[in-house]
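Notes to accompany the following structure.
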Amino acid sequence: MFYKNLTFYRIKTPFPHPKDLISLLKKARFAPCLGLDGFSEGFAPIQPHGDHFTQLAGNSLAICLQREQKILPPALITAKLNAYVRQIEATEQRSIGKRERQSIRESIIDSLLPQALAKPSQIHAQLDYAHQLLLINAPSKTAEILLSKLSQALGGLIAQKPATTTPLTTLMTQWISQGEAHFPFGLDDNGTLKDEQHGATIKASKHNLADQDITQLVQHGKTVIQLGLIWREHIHFTLNPDFTLRRIRFADELLQQAQQQNDGSESLFYTQQLIQSQKLPELLNDLANLAGGWVKEST
């Protein structure tokens, strides 16, 4: 699948051989929530009705973390708690303290969990063997869940958050100040600027970011904290200071390329993974080079 979001890590630990990785993931496979479990997570087949835990395409290996979260409406818990407290206060003629109230609340949750509906979700990722990258189709907080689970499954993983010599806020602000991004990037039509002194933000959407009214904001001290960019006319995305990419959109040319080689869901998944594994690392490398290169890990 083509990713909509991207959080990535630079991995300092060599990835296991794909065959070994499959065995490790199966040992940490997903099992549904049972009884008093509030949530469950584990690795699962990469496609809903498939049985393959990984898929190799080029130098990338696709994986999937399955999660299940029991849903307990807070209003329901509060209503049951208040009713129970009123009953005790009426029958025993005493008030309920904070600690006892919390204990009652936990008992109510335990009684509701076995019947609660479980909400499923998936986190998809790719292990890039060529560049030692972990590419995750999720915002940063969600990505950390997969990183943690993968590290447990592999017996440890040294992951480094991406950072460049020139901070991305500095680079994005320079580009808006100049009215253009440096090749192979171009400005898209959205961005967010922040007044660092007062904290106010200004959002631009469907706007020519090279217009004078935008460049003047930077000249008056505003900092760019989000910027819509186009990479080599192939990928549209919004860049954040922490190197996460949001609202990723692949160009029609790449979508058509994937469809032309599609003869089924597995084939389409493979083709999209292959295209993505070629384009995204190149995009990230181009961006890092323009920002002075990756910050070397301290020793």
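For the sequence shown, the positions run 839 to 1137 when this note's numbering is used. Positions of the beta carbon are idealized from the N, C-alpha and C atoms, including for glycine.
Where residue i falls, given that 16 or more other Cβ within 10 Å makes a residue buried
{"i": "Asn1078", "result": "buried"}
{"i": "Asp1037", "result": "Contrary to the premise, residue 1037 reads as Gly rather than Asp in this sequence. By the 10 Å Cβ count, Gly1037 comes out exposed."}
{"i": "Gly1066", "result": "buried"}
{"i": "Lys908", "result": "buried"}
{"i": "Pro912", "result": "exposed"}
{"i": "Ser949", "result": "exposed"}
{"i": "Ser959", "result": "exposed"}
{"i": "Leu1121", "result": "buried"}
{"i": "Gly1029", "result": "buried"}
{"i": "Ile849", "result": "buried"}
{"i": "Pro1119", "result": "buried"}
{"i": "Thr845", "result": "buried"}
{"i": "Ala976", "result": "buried"}
{"i": "Ala981", "result": "buried"}
{"i": "Thr1076", "result": "buried"}
Contact set for residue i: own chain, Cβ-Cβ below 6 Å, skip 5 residues either direction
{"i": "Thr1137", "result": "Confidence at Thr1137 is low in this model, with a pLDDT of 40, below 50, so its placement is unreliable and no value can be given for it."}
{"i": "Ala1126", "result": "Thr1002, Trp1132"}
{"i": "Gln1099", "result": "Thr1109"}
Same chain only: Cβ atoms within 8 Å of residue i, ignoring 5 sequence neighbours per side
{"i": "Leu985", "result": "Tyr847, Leu972, Ile974, Leu995, Ala997"}
{"i": "Glu1018", "result": "Gly1024, Leu1025, Ala1048"}
{"i": "Gln1110", "result": "Met839, Phe840, Ala1096"}
{"i": "Gly880", "result": "Ala866, Arg867, Phe868, Ala869, Leu903, Gln904, Lys987"}
{"i": "Leu863", "result": "Phe881, Phe891, Thr892, Ile901, Ala991"}
{"i": "Asp875", "result": "Lys908, Leu951"}
{"i": "Ser1015", "result": "Thr1053, Val1056, Gln1057"}
Host beta strand (DSSP E) of residue i (start-end)
{"i": "Thr1076", "result": "1073-1077"}
{"i": "Glu906", "result": "898-909"}
{"i": "Leu894", "result": "893-895"}
{"i": "Asp1033", "result": "That residue, Asp1033, is in no beta strand (DSSP E); it is neither H nor E in DSSP."}
{"i": "Ile1086", "result": "1083-1088"}
{"i": "Ile1052", "result": "First-last for Ile1052: 1050-1057, but that is the alpha helix (DSSP H), not the beta strand (DSSP E)."}
{"i": "Arg848", "result": "845-849"}
{"i": "Val1133", "result": "Note, Val1133: premise wrong, no beta strand (DSSP E); not H, not E."}
{"i": "Gly1066", "result": "1061-1069"}
{"i": "Thr881", "result": "The sequence given here places Phe at residue 881; Thr does not occur at that position. Segment 877-881, the beta strand (DSSP E) holding Phe881."}
Residue range of the alpha helix (DSSP H) that includes residue i
{"i": "Arg867", "result": "Taken as a continuous stretch (DSSP letters only), Arg867 belongs to no alpha helix (DSSP H), as it is neither H nor E."}
{"i": "Trp1013", "result": "1006-1016"}
{"i": "Thr1039", "result": "From DSSP, Thr1039 is part of no alpha helix (DSSP H) but of the beta strand (DSSP E) over 1039-1043."}
Cutoff 7 Å; reference residue i; Cβ partners in own chain excluding five residues on either side
{"i": "Leu988", "result": "Leu995"}
{"i": "Thr1061", "result": "Thr1007, Thr1011, Leu1031, Lys1032, Glu1034"}
{"i": "Val1133", "result": "Ala1001, Thr1002, Thr1003"}
{"i": "Ala1042", "result": "Asn1028, Gly1029, Ile1052"}
{"i": "Arg943", "result": "Ile915, Leu919"}
{"i": "Ile1086", "result": "Tyr841, Lys842, Asn843, Leu844, Ile1073, Phe1075"}
key: alpha helix (DSSP H) segments (min. 4 residues) lying fully within the stretch 929-979   = 936-950
inquiry  = Check whether the stretch 955-969 and the stretch 917-931 touch, using three or more Cβ-Cβ pairs below 8 Å as the test.
reply    = no
ask   = Can we say the stretch 848-865 touches the stretch 893-901, given the rule of at least three CB pairs closer than 8 Å?
value = yes
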